[in-house]
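Everything on this sheet refers to the single structure shown next.
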Amino acid sequence: MPDMQGLVNEFLIKLKKRKMEGSQATAKQTAELLRAVISQQRVPYSNQSAALIDAVKSVGELLISANPIELAVGNIVRRVLHIIREEDLSLTTAAMAGLNLSSVSDDDDDAEHDDHPVLSAAAVAAAARSTLRPPSLQTLLEDVPDGTAIPRTSSSGGDSEGKSKSADKSSRTRKLKHDVIEAVNELIQDINTCHEQIAEQAVEHIHQNEVILTLGSSRTVLEFLCAAKEKKRSFRVFVAEGAPRYQGHLLAKELVSRGLQTTLITDSAVFAMISRVNMVIVGAHAVMANGGVIAPVGLNMVALAAQRHAVPFVVLAGSHKLCPLYPHNPEVLLNELRSPSELLDFGEFSECMDFGNGAGSPLLHVVNPTFDYVPPKLVSLFITDTGGHNPSYMYRLIADYYSADDLVVQRRTTTGS
Amino acid sequence: MGAQKKRASKVLLPLVNVPMINFTLAWLESAGVEEVFVFCCAHSKQVIDYLESSEWFSQPNFSVQTIESHNSVSAGDALRLIYERNVIHGDFVLISGDTVSNMSLTQALQEHKERRKKDNNAVMTMVIKRSKPSQITHQSRLGTDELFMAIDPDTKQLLYYEDKADCSKGAIYLDKLLLADNTSISLHNDKQDCYIDICSPEVLSLFTDNFDYQHLRRHFVKGLLVDDIMGYKIFTHEIHSSYAARIDNFRSYDTISKDIIQRWTYPFVPDVMFSENSGTKLERHGMYRASEIWQSRSAQIGPFTVIGNGTKIGDNTSISNSVIGKGCTIGANVSIEGSYVWDNVIIEDGCELRHAIVCDGVIMKSGALLEPGVVLSFKVVIGQQFVVPSYSKVSLFQQPTKQDSDEELEYADNSSGIVDISPMVGTVDKSNGEITSELLEKQCWSTSQLGSGGVGHIWSFSEGGYDEELRHSVAPIPADKLAELIQAIDDDLELTQDGSILPPSGELKPDSNYSEDDDNEDSRDESIYFEKEVEATFLRAVHENISVDHVVLEVNSLRLSYNRLAADCAGALFYSMMKLALETPHGSASELLQNATNIVTKWKKLLKYYLADIDEEIEVVLKFEEMCLESAKEFSPLFTKILWHLYDQEVIQEDAILKWDDEKKEADESDKVFVKQAEKFIQWLREAPEEDDDEEEESG
Numbered sequence: 006m007p008d009m010q011g012l013v014n015e016f017l018i019k020l021k022k023r024k025m026e027g028s029q030a031t032a033k034q035t036a037e038l039l040r041a042v043i044s045q046q047r048v049p050y051s052n053q054s055a056a057l058i059d060a061v062k063s064v065g066e067l068l069i070s071a072n073p074i075e076l077a078v079g080n081i082v083r084r085v086l087h088i089i090r091e092e093d094l095s096l097t098t099a100a101m102a103g104l105n106l107s108s109v110s111d112d113d114d115d116a117e118h119d120d121h122p123v124l125s126a127a128a129v130a131a132a133a134r135s136t137l138r139p140p141s142l143q144t145l146l147e148d149v150p151d152g153t154a155i156p157r158t159s160s161s162g163g164d165s166e167g168k169s170k171s172a173d174k175s176s177r178t179r180k181l182k183h184d185v186i187e188a189v190n191e192l193i194q195d196i197n198t199c200h201e202q203i204a205e206q207a208v209e210h211i212h213q214n215e216v217i218l219t220l221g222s223s224r225t226v227l228e229f230l231c232a233a234k235e236k237k238r239s240f241r242v243f244v245a246e247g248a249p250r251y252q253g254h255l256l257a258k259e260l261v262s263r264g265l266q267t268t269l270i271t272d273s274a275v276f277a278m279i280s281r282v283n284m285v286i287v288g289a290h291a292v293m294a295n296g297g298v299i300a301p302v303g304l305n306m307v308a309l310a311a312q313r314h315a316v317p318f319v320v321l322a323g324s325h326k327l328c329p330l331y332p333h334n335p336e337v338l339l340n341e342l343r344s345p346s347e348l349l350d351f352g353e354f355s356e357c358m359d360f361g362n363g364a365g366s367p368l369l370h371v372v373n374p375t376f377d378y379v380p381p382k383l384v385s386l387f388i389t390d391t392g393g394h395n396p397s398y399m400y401r402l403i404a405d406y407y408s409a410d411d412l413v414v415q416r417r418t419t420t421g422s
Numbered sequence: 079m080g081a082q083k084k085r086a087s088k089v090l091l092p093l094v095n096v097p098m099i100n101f102t103l104a105w106l107e108s109a110g111v112e113e114v115f116v117f118c119c120a121h122s123k124q125v126i127d128y129l130e131s132s133e134w135f136s137q138p139n140f141s142v143q144t145i146e147s148h149n150s151v152s153a154g155d156a157l158r159l160i161y162e163r164n165v166i167h168g169d170f171v172l173i174s175g176d177t178v179s180n181m182s183l184t185q186a187l188q189e190h191k192e193r194r195k196k197d198n199n200a201v202m203t204m205v206i207k208r209s210k211p212s213q214i215t216h217q218s219r220l221g222t223d224e225l226f227m228a229i230d231p232d233t234k235q236l237l238y239y240e241d242k243a244d245c246s247k248g249a250i251y252l253d254k255l256l257l258a259d260n261t262s263i264s265l266h267n268d269k270q271d272c273y274i275d276i277c278s279p280e281v282l283s284l285f286t287d288n289f290d291y292q293h294l295r296r297h298f299v300k301g302l303l304v305d306d307i308m309g310y311k312i313f314t315h316e317i318h319s320s321y322a323a324r325i326d327n328f329r330s331y332d333t334i335s336k337d338i339i340q341r342w343t344y345p346f347v348p349d350v351m352f353s354e355n356s357g358t359k360l361e362r363h364g365m366y367r368a369s370e371i372w373q374s375r376s377a378q379i380g381p382f383t384v385i386g387n388g389t390k391i392g393d394n395t396s397i398s399n400s401v402i403g404k405g406c407t408i409g410a411n412v413s414i415e416g417s418y419v420w421d422n423v424i425i426e427d428g429c430e431l432r433h434a435i436v437c438d439g440v441i442m443k444s445g446a447l448l449e450p451g452v453v454l455s456f457k458v459v460i461g462q463q464f465v466v467p468s469y470s471k472v473s474l475f476q477q478p479t480k481q482d483s484d485e486e487l488e489y490a491d492n493s494s495g496i497v498d499i500s501p502m503v504g505t506v507d508k509s510n511g512e513i514t515s516e517l518l519e520k521q522c523w524s525t526s527q528l529g530s531g532g533v534g535h536i537w538s539f540s541e542g543g544y545d546e547e548l549r550h551s552v553a554p555i556p557a558d559k560l561a562e563l564i565q566a567i568d569d570d571l572e573l574t575q576d577g578s579i580l581p582p583s584g585e586l587k588p589d590s591n592y593s594e595d596d597d598n599e600d601s602r603d604e605s606i607y608f609e610k611e612v613e614a615t616f617l618r619a620v621h622e623n624i625s626v627d628h629v630v631l632e633v634n635s636l637r638l639s640y641n642r643l644a645a646d647c648a649g650a651l652f653y654s655m656m657k658l659a660l661e662t663p664h665g666s667a668s669e670l671l672q673n674a675t676n677i678v679t680k681w682k683k684l685l686k687y688y689l690a691d692i693d694e695e696i697e698v699v700l701k702f703e704e705m706c707l708e709s710a711k712e713f714s715p716l717f718t719k720i721l722w723h724l725y726d727q728e729v730i731q732e733d734a735i736l737k738w739d740d741e742k743k744e745a746d747e748s749d750k751v752f753v754k755q756a757e758k759f760i761q762w763l764r765e766a767p768e769e770d771d772d773e774e775e776e777s778g
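Here the protein sequences line up with chains A and B, keeping their order.
Those letters in the first sequence? Residues 6 to 422, by this note's numbering.
Those letters in the second sequence? Residues 79 to 778, by this note's numbering.
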């Protein structure tokens, strides 16, 4: 347990000090940490899912407040919570089915019990992935009798059956934890492979001799473009440098090393170049529930330019970037201002900031935001690991991944304190 | 490994609502330092208590240890003690507990290690940052004095360090050997010393060997630079994109607070939780607000303001460019601008604060006013409607009476490199709570000092301290003072007519003779020297009766060495003659005339030697005119007569005089005084060119 505390602290410090860069890495590490939390958590006999949810929530709350701007942390916490609920649900439905069965024949062998829930959990997960089934009203209603179903099973059980029932339940307890960990592993797997999954769709979107424009650097975009290149598509890429961090330079370097025809332009030249561009492909920091995008600074301008010239504006985002919150939510911190030193040289401007003379109040303000908000109407298409979607479809996708109960992770304790 | 030291109370003072030491420790932690020794001397108990209760002792991969000492008064003592304890074995980073930075130490450490491999004498790497000092006040934006550094541009070796340069002269003096030993050096005054030093273990033993080293810069750095026997070297590492500064005085407290609010220290900014600071949210215009504040709807919180947790703000109150601490209560119609209000302060209705620092627990009764630069120490009470005059400091304690010794101490303190923000805040919070209450009972406060109900003493300035106060205060230097300084600089400029202000930085090559820009200036100076020399030569000739030929020889050699023309010699010689005549005792104008004519007659041969051409003769006339106007007004009534005498003695020809007259025709009226005086004579010259000597002789 102290070891766990140490792990959580270490991760918290990393988040606080802004040492973690990139949502994919953050998402993955968050998922791994939560997996550890779940596996360490002792589960009581009754209401195991609640205990797990509490444990994940308490850690998740800390993680989210440590770096509120990195929305991927919150997304993963909510995803894990959702997984726990889903697994619990499938387990209890299976148990109810088992109960029905056991009422018919008491000496049903345990092997069947073991197989059944695993199958159902996997089936539910698979069904969720493939058919994009929303949490229907039915499942929500089903949830209510489930909670009462558990004590009912033990109470209704006869004295003779008490021993075998408790053994059965402890195995089911372990089952729940086991299943949740399995599912979290799957989630980690998903995060790991999201680049490939997105990149697979590249050929469907990039055509021969097209001109693609992108801004800044995104690993997803890089993989996407390279995947198209590998499939023998020949096209050109315009890279806007992405001031003030100039990550576009790195992307251009990387693209050239992979043999892509690349043109590097300044951010301000985007409008002039956009008429020659067939498609804008960019990465995102987060995708909000309304289909709006939080993206590296400068992208709103690119999106507006693209709209002006009717150029498709395509956003690539792994499913861990889907955020169930709306941008008007006060809990969403849309932006982070970084150090002005990225913009200008301190030494050169030091006399502008000499507070010993003049009014004593700073006359020079330097604003260096990290992100832009691109409203959904400017986005033509989202490409996630599950395929291409419209901005207006995002809320549906989100309903698949998150349960409505978890949208506010922090709220529970802030009202409590 | 890092060693770190600090002065107790000061590092616990809040900087943008976070104890200063948290900035330092958070930076060290994020820079990958694993072991920190906190050296505590005065108020060590407080610091140790604080650290123990903080989260710093429980960090993984980051160990904080305290070293306590009550008799170390300077950085030197502290380092000697650390050496004795034998806790540091490798390279270490030496900083004080009031450093705010976000630089990465990796590169500087690596450079230091690589240099060490090549040269075992490279014992220290100093971190510097570019920051221009003010041309007007000759102080950096952190309120410290202008710093001059000579650095070898190739090796980055520090060759010269002067932070107490006398700016009034506008000149600094470098050892000539610096130029001889180095192929090129660059001299900077736009570098800021960050007081972050990467040291080899030798530094500790050096301090032990030189038991009189106290101050890290004044003694140690300068000592090493001067000492060429051991050959220890100090190098510099300049940081560009990252931030580093040290809080030395109130001005730097103000400047660094503003830098933090402007996010130069990112990620150590109020809305990022780098230590236990509670979550503040950054809103528009650089407004940081904690989650739990009570703010009236009509209150206006202006730009670049930080409001701490649990603070209440009343109606129509306006706050701008300020930091308000935790748990403060601010009434209605209060105006706060550019001020730093610490925790649990009560400010009643209608108060006004301008560029002031208000410490914990202060109560300002309604209508009180703080003028710029005021510092209110812990738990002071300001009476109703009382106006605290600018730059005054108010404390519950009496000002130490032994001003001299105290100042001495403070000076030593300053020099120790572990400085209190001011002696005052240090001494005051030494004894915070208990004593205060006792004092309150025993002493009845004179109402006169801080208004009715006021509690505290106003400290007076130390002698000549007013200007110092201005320089180091939180308040900006007032406009009239600035105007005064600018005026002083302009005067200087007129006086010297050259760029006595050094360019921010420049590279001096040893073979460039500084000769480019100072032609005008130098020639002016040199002509004065030349005249003096000629005069001395002439006087010697007069007194020692040296023959004319020898004088000519001497004057010629002077002429060559000063690179002058014959005309200059003639002018100078004539000047010396007239001066001699003036200095020879005389009773009346006629006697003076007699003296002059005698001397001219006697030395006309000498003068004649340099009057080969008509131009030189004109020069003599002009010189004489100048003398009459300026240095020897006694001659002015005699101008024509002496001129005639010169003509008579054939020193000056008729043509020269006529030409002089022609030249003067275009001049101003004021310049024509002597032409007018000599009008008759010139007239006569024009009319009767030949053989009229007799007549004139009589008239003369």
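The beta carbon of each residue, even a glycine, is placed where N, CA and C say it ideally should be.
Hey, out of the options, whose CA is closest to residue i's CA?
i, options, result
"residue 726 of chain B", "B:451, B:237, B:455 and B:682", "B:682"
"residue 537 of chain B", "B:554, B:433, B:427 and B:467", "B:467"
"residue 287 of chain A", "A:66, A:8, A:238 and A:321", "A:321"
"residue 658 of chain B", "B:675, B:668, B:699 and B:736", "B:675"
"residue 268 of chain B", "B:714, B:295, B:220 and B:155", "B:220"
Are the C-beta of residue i and some C-beta of chain A separated by less than 9 Å?
i, result
"residue 695 of chain B", "no"
"residue 215 of chain B", "yes"
"residue 365 of chain B", "no"
"residue 357 of chain B", "yes"
"residue 412 of chain B", "no"
"residue 371 of chain B", "no"
"residue 315 of chain B", "no"
"residue 324 of chain B", "no"
"residue 137 of chain B", "yes"
"residue 531 of chain B", "no"
Does the Cβ-Cβ distance between residue i and residue j come in under 9 Å?
i, j, result
"residue 666 of chain B", "residue 612 of chain B", "no"
"residue 343 of chain B", "residue 274 of chain B", "no"
"residue 303 of chain A", "residue 248 of chain A", "yes"
"residue 407 of chain A", "residue 296 of chain A", "no"
"residue 81 of chain A", "residue 370 of chain A", "no"
Taking 9 Å as the threshold (beta carbon to beta carbon), is residue i in contact with chain B?
i, result
"residue 371 of chain A", "yes"
"residue 295 of chain A", "no"
"residue 23 of chain A", "yes"
"residue 396 of chain A", "no"
Using 8 Å as the cut-off, classify the Cβ of residue i as near or not near the heavy atoms of the ligand FMN, replying yes or no.
i, result
"residue 559 of chain B", "Of ligands this structure carries none, so the ligand FMN is not represented either."
Just checking my contact of residue i with residue j at CB under 8 Å: how many whole Å lie between their CB atoms?
i, j, result
"residue 648 of chain B", "residue 617 of chain B", "Actually they are not in contact, since the Cβ atoms of residue 648 of chain B and residue 617 of chain B sit about 17 Å apart, beyond 8 Å."
"residue 220 of chain A", "residue 307 of chain A", "5 Å"
(request) Quick one: which unbroken beta strand (DSSP E) runs of 3-plus residues sit fully inside the segment 162-240 of chain B? Chain order, please. (result) Taking only runs of at least 3 residues, the beta strand (DSSP E) segments lying wholly in the segment 162-240 of chain B are 170-174, 177-179, 200-208, 226-229 and 236-240.
(message) Restricting to runs no shorter than 3 residues, where is the beta strand (DSSP E) found entirely within the segment 312-346 of chain B?
(response) For the segment 312-346 of chain B, whole beta strand (DSSP E) runs of length 3 or above, ordered along the chain, are 322-324.
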